[in-house]
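Peer 1: Below you will find the structure I want to go over with you.
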Amino acid sequence: MRNPPLPERIALHDAGWCLRTNRWCARAGVLRYFAAVSRLGDGVAWYALMLGMIALGGSNGPQAAGHMAATGLASLLLYKLLKRWTKRPRPFASDVRIRAWVAPLDEFSFPSGHTLHAVAFTLVALAYYPMLAWLLIPFSASVAASRVVLGLHYPSDVLAATVIGSTLAGTSLWLVPDAALF
């Protein structure tokens with residue numbers, strides 16, 4: 035028996051992780067948690083954070099919120115372009131054993147827009163308000179995990195989105211170097 039090529043092995047591991055973690059949602063508490071995190075990751079939490087920065091963030095609040103919004107717009111444009119280009123089916127569409135526990139926002143899987151935005155927003159927000167790390171890092175990690183657990187993304191979609199979101203945030207912080215001084 036030959037070893038399958040690397041892309042096939044990755045695809046097998048991706049599907050296996052989706053199947054295993056997707057079963058966790060059979061527990062009501064797990065489903066409620068990840069469904070709520072996913073809904074907040076649709077944008078609700080990030081818009082609230084930006085409004086909170088403007089209202090309560092002092093003189094840096096509007097700049098921080100604007101920086102997040104600009105990074106979010108770049109993230110949105112890039113992830114929509116990548117989804118149209120790759121057209122990777124979602125896990126639940128490729129394997130009948132995987133259930134979509136919440137409705138997806140679009141048809142394709144790669145990359146995870148929720149994860150991309152969560153990572154980018156978190157990194158930009160922490161450049162201005164590092165004291166929010168205790169809240170934003172676990173929330174962003176939960177958003178990323180929710181995508182796989184809910185059957186909406188493969189782990190590789192989430193990993194790629196983490197790299198893309200980190201790169202976009204890093205680039206935006208490089209373009210606005212004073213952000214890290216707050």
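Using the working numbering, you'd call the opening residue of the sequence shown number 35 and step up by one each time. The beta-carbon is built from N, C-alpha and C at its ideal position, and this holds for glycine as well.
Between Ala203 and Leu157, how many whole angstroms is the CB-CB distance? I'm expecting something under 8 Å.
Peer 2: 4 Å
Peer 1: Per DSSP, what are the beta-bridge partners of Pro125 in this structure?
Peer 2: Secondary-structure assignment with DSSP links Pro125 through no beta bridge to anything.
Peer 1: Taking Phe173 as part of the alpha helix (DSSP H), name the residues at either end of that continuous run.
Peer 2: 167-183
Peer 1: Taking the beta carbon of Met165 as the centre, do at least 16 other beta carbons fall within 10 Å, making it buried, or is it exposed?
Peer 2: Counting Cβ neighbours within 10 Å, Met165 comes out exposed, since fewer than 16 surround it.
Peer 1: Does Pro125 pass the burial test, meaning 16 or more other C-beta atoms within 10 Å, or should it be called exposed?
Peer 2: buried
Peer 1: When DSSP builds the beta bridges, which residues end up paired with Phe142?
Peer 2: Bridge partners of Phe142: Pro123.
Peer 1: Grab me the residues of Val262's own chain with a C-beta within less than 7 Å of its C-beta, minus the 5 sequence neighbours each way, in chain order.
Peer 2: Examination of residue 262 is not possible in this model, given that the chain is present from 35 through 216 alone.
Peer 1: Buried or exposed, going by whether 16 or more other CB atoms sit within 10 Å of the CB of Gly185?
Peer 2: buried
Peer 1: So what's His187 in DSSP terms, helix, strand or just coil?
Peer 2: coil
Peer 1: Using alpha carbons as the reference points, say which of Gly92, Ser128, Thr149, Ile132 lies closest to Leu110.
Peer 2: When each option's Cα is compared against that of Leu110, the closest is Thr149.
Peer 1: Whole angstroms are fine: how far does the CA of Asp212 sit from the CA of Ala134?
Peer 2: Whole-angstrom Cα-Cα distance: 42 Å.
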